[in-house]
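A short write-up of the structure that comes next.
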Amino acid sequence: MNLIRGFVTVFKHLLEDKVTVQYPEQERPVRERFKGRHALKRYDNGLEKCIGCALCAAACPADAIWVEAAENTDEERYSPGERYAKTYEINMLRCIFCGYCEDACPTEAIVLEHEYRLTFSDRRDAIYTKDMLIDQPLPGTPGTPQQTEPGRFTRSIPEMEDPL
Amino acid sequence: MFGPGESGTVIECGDNVTCTAFHAIFTSVLLFLVLLTGFAYTTLLERRLLAWLQARIGPNRAGPAGLLQPVADGIKLIFKEDITPRGAEKLIYWLAPLIKMVPAIVVVAVVPLGPPISIPWFDGNWYRVTQGLTDPNIGVLWILGITSVGIYGVVLAGWASNNKYAILGGIRSSAQMISYELSMGLAVVVPVLLAGSMSVGDIIEAQNDPPILGWFVFQNPLAAAILFLALLAEVNRAPFDLPEAEQELTAGYHTEYSGMKFALFYLAEYIGMITVSMIGAAFYLGGYHFVLVDRFPLLGPLVYAVKVFLLLAGMIWVRATLPRIRYDRLMQLGWKIMLPLAMVAVVWTAIAVFLAEELGRGVTAVFAIVAVVLFLGGAQWWLSRAGHSVDEPSEGARVETVSLSEQARSGR
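Sequence lines, in order, name chains A and B. So the first sequence is numbered by the numbering used here: it starts at 4 and just counts up by one. So the second sequence is numbered by the numbering used here: it starts at 53 and just counts up by one.
As structure tokens, then:
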């Protein structure tokens, strides 16, 4: 009898909903902490959060990040503080999407967002440069480089109101 | 309905040389193409039906509803590198897929797909042709013999591959096929006894006696069940597919084959499935006969195709449900259970036929009813017995149940 029950059970699957997600017409929503493509964030005033410290490059287990820093001046300011990332490249073929760069960043500049549709047909196209990774400034706010008044943005790491 | 009416006589195709030759060539080519197309879409049917039975969708991207998937598979197999392993016996390695494939295709030459029809021809006469290649009066013998030839392909493929898993798979597969040939042969004797002829066409016609109720599956359901199981084992289909199990034998006898040669093995297996479904339907399910086929003989192939489709769907359902049978249990099943039961079935039918000749047709009906009742009762008994022995301990086993909470309370 268990034999018959087995056949009936399998037959009942015919009448159930299918579990297949028909990509690309349907997409599975990702979780909140899903680690997808990177993004370099900005502050609300338009300055980049990235200060070019290369802690992310040091933390990366796959050696996928290349950072070259340059000095900020008040006439041409990219980020608060002394340095900014002149060159910022991530090799998506090396990246393992572990999120260590996000954990290591002192200013929460590099974050992993939800984009997973990354395709390229050449190995060179896999190197994402800073202009591909940087966030766009909010509408209405200026982008970088900015001209700022001297003495205002001297700290690289912002004052934290609630260190906890 | 579709005939010469009063204008002329109908010439038997067998009497006319041109007709015979033309009919033979035309029907063989047609049958070959139909089998190949059927094979391609059987692979698609299997993948989709297996998927639906597992609550998922099968291939549906290549072409509408996946209908071009077999084309895509064919192109892929053609482009694959054709490897010959070092140390392989080149000639036999090359021939083995053919030895397996050709009998699988040729075996349906003797199975008629429909009742004879009258066809008008350009010379003004009407010719009476069989739908199907031919119908010799030893058709059953042809089927049994040709299926045995296919076994050579399997064992030669395994041996010629110079691979220990391949040869294990080949020998296991051929031993399995030979063992189940015995039960298959006996199960095929039953329709021969009931119809009184070894011609497949006669066997199909004899099942029209009451239409549908005259099918031999109602006359001897035990033999029908044995035939279907034996045919599953003949084509190495689940649950008897240990010889080609990837998990146990790294694909068995066709491990070392790739590209087009593998495609030929694949083809031989699926055409074998179609072929044995056709044979099973012809011997026990009334072949091309159903309600209206007497009046519209052209419906015969359609009815037959529906039956073959249902049998194929049944095979796929079985594959989705049952795990593989371990090889030694498979051999035990073939020799110790199916062979005696097949002999019992043959004896039953022999007695039934003999008494029917003496006492008249009522005996056939009585024997049929008794056979069905016994079969269903026996199946029900056997199936419920198999369940209980797992749940309860057998007599004499000393079972001590200890409660963990009791142990905790007593401080142990």
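We put the CB at the ideal spot given by N, CA and C, even for glycine. These figures come from a predicted structure and were not determined experimentally.
Below-8 angstroms beta-carbon distance, residue i vs any chain B residue
| i | result |
| --- | --- |
| E19/A | yes |
| T122/A | no |
| H16/A | yes |
| T23/A | yes |
| R55/A | Per the sequence shown, the amino acid found at residue 55/A is Gly instead of Arg. Not an interface residue. |
| G9/A | yes |
| V70/A | no |
| V13/A | yes |
is_contact[residue i, chain A] using C-beta, thresh 8 angstroms
| i | result |
| --- | --- |
| W369/B | yes |
| I377/B | no |
| L102/B | no |
| R381/B | no |
| S441/B | In this prediction, S441/B scores a pLDDT of 47, lower than 50, which makes its location untrustworthy; no coordinate-derived value is stated. |
| L83/B | no |
| L435/B | yes |
| R180/B | no |
| R108/B | yes |
| T94/B | no |
| A372/B | yes |
| L105/B | yes |
Exposure label - residue i; buried when at least 16 CB within 10 Å
| i | result |
| --- | --- |
| I256/B | buried |
| E51/A | buried |
| N288/B | buried |
| F37/A | exposed |
| L48/A | Sequence check: residue 48/A is Asn here, not Leu. The residue is exposed, with fewer than 16 neighbouring Cβ atoms inside 10 Å. |
| A54/A | Per the sequence presented here, residue 54/A reads as Ile, with Ala not at that position. Classification of I54/A: buried, given that the 10 Å Cβ count is 16 or more. |
| L294/B | buried |
| V343/B | exposed |
| R381/B | exposed |
| L150/B | exposed |
| R100/B | buried |
| D254/B | buried |
| Q228/B | buried |
| M53/B | Residue placement at M53/B is poorly supported in this model, since its pLDDT is 47, which falls under 50; the coordinates still yield a value, given next. Burial call: exposed. |
| Q432/B | exposed |
| F427/B | buried |
| F268/B | buried |
| L362/B | exposed |
| S124/A | exposed |
Whole-number beta carbon distance between residue j and residue i, since they are thought to touch under 8 angstroms
| i | j | result |
| --- | --- | --- |
| A333/B | V360/B | 6 angstroms |
| P167/B | G352/B | 5 angstroms |
| K89/A | E71/A | 5 angstroms |
| Q121/B | L96/B | 5 angstroms |
| M250/B | A282/B | 18 angstroms between Cβ atoms; not a contact. |
| V163/B | I323/B | Contact doesn't hold; Cβ gap of about 13 angstroms is too wide. |
| R40/A | T151/A | R40/A to T151/A, Cβ: 30 angstroms. No contact. |
| I63/B | Y179/B | 5 angstroms |
| Y305/B | A209/B | 5 angstroms |
| N272/B | A423/B | 6 angstroms |
| D134/B | S310/B | 7 angstroms |
First through last residue of the beta strand (DSSP E) which encompasses residue i
| i | result |
| --- | --- |
| P72/A | Before going on, a small fix: residue 72/A reads as Ala here, not Pro. 68-74 is the extent of the beta strand (DSSP E) around A72/A. |
| G166/B | 166-172 |
| N94/A | 86-94 |
| V345/B | Counting along the chain, V345/B falls outside any beta strand (DSSP E), and DSSP gives it neither H nor E. |
| L43/A | 41-43 |
Contact test: residue i Cβ vs the ligand COA heavy atom, cutoff 7 angstroms
| i | result |
| --- | --- |
| A114/B | Here there are no bound small molecules, and the ligand COA is not part of this structure. |
Any C-beta of chain E under 8 angstroms from that of residue i
| i | result |
| --- | --- |
| L6/A | Judged by its chain identifiers, the structure shown contains no chain E, and its protein chains are A and B. |
Boundaries (first-last residue) of the alpha helix (DSSP H) holding residue i
| i | result |
| --- | --- |
| A161/B | Neither: A161/B is in no alpha helix (DSSP H) and is coded neither H nor E. |
| I326/B | 311-336 |
| L407/B | 391-411 |
| E64/B | That residue, E64/B, is in no alpha helix (DSSP H); its beta strand (DSSP E) goes 62-64. |
| F292/B | Element bounds for F292/B: n/a, residue is neither H nor E. |
| L364/B | 352-373 |
| H75/B | 69-105 |
| D125/B | 121-131 |
| K15/A | 5-16 |
| P273/B | 273-286 |
| D20/A | From DSSP, D20/A is part of no alpha helix (DSSP H); its letter is neither H nor E. |
| Y379/B | 379-384 |
| C53/A | C53/A -> no alpha helix (DSSP H), and no H or E assigned at all. |
Only counting runs of 4 or more residues, tell me where the alpha helix (DSSP H) segments fall wholly within the stretch 184-255 of chain B, in order along the chain. Within the stretch 184-255 of chain B, the runs of alpha helix (DSSP H) that reach at least 4 residues and sit entirely inside it are, in chain order, 191-212, 216-247.
So within the stretch 78-143 of chain A, which uninterrupted alpha helix (DSSP H) runs reach at least 4 residues, ignoring any that extend past its ends? 103-107, 133-136
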